Amino acid sequence: MSKKFRTYELAKEFYLDCKKIKLNGAMKNQFERASLSIVLNLSEGSAKPTRKDRARFYFIAYGSLKETRTLLDLSGSHELDSKADKLGAYIWRLAHNPGGT
0 MSKKFRTYEL AKEFYLDCKK IKLNGAMKNQ FERASLSIVL NLSEGSAKPT RKDRARFYFI
60 AYGSLKETRT LLDLSGSHEL DSKADKLGAY IWRLAHNPGG T
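Read left to right, the sequence shown gives residues 0 to 100 (numbering that gives the first Met the number 0).
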């Protein structure tokens with residue numbers, strides 16, 4: 000993935016930070032899957048040929064970010080709030096302006 004894709008790079012960093020968060024059982028599993036989904040959907044979306052297809056994957060990534068935020072809130076952990084806010088703004092902007100054809 001291109002180093003110029005800042006949103007992807009931030010999502011990857013967020014995913015690695017998420018792996019360090021201590022959660023139990025089903026919450027941990029769901030949290031890791033949701034945070035990974037952000038990165039994967041950004042990557043897959045960037046490869047789509049149309050704006051509509053790219054936007055669809057970027058909105059899925061945004062939904063996965065909201066899921067991770069909910070799990071963090073339920074766990075009482077707020078150490079990634081700032082990074083999640085920044086990532087959310089990047090994804091939101093990308094989803095509303097996916098560029099290209």
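Cβ atoms here follow ideal geometry from the backbone N, Cα and C, with glycine treated the same way. Every value quoted in this text rests on a predicted model; they were computed, and no experiment measured them.
- Of the candidates R92, P97, K82, A94, K82 places its Cα closest to the Cα of L9.
- Per DSSP, the unbroken alpha helix (DSSP H) holding G24 starts and ends at 24 to 45.
- Under a 10 Å Cβ-count criterion, G44 is classified as buried, with 16 or more other Cβ atoms of the shown protein chains found around its own Cβ.
- In the DSSP assignment, S74 falls within the unbroken alpha helix (DSSP H) covering 50 to 74.
- Separation of P48 and L93 (C-alpha to C-alpha, rounded to the nearest whole angstrom) is 15 Å.
- Of the residues R50, D52, A46, G62, the one whose Cα lies closest to the Cα of R32 is G62.
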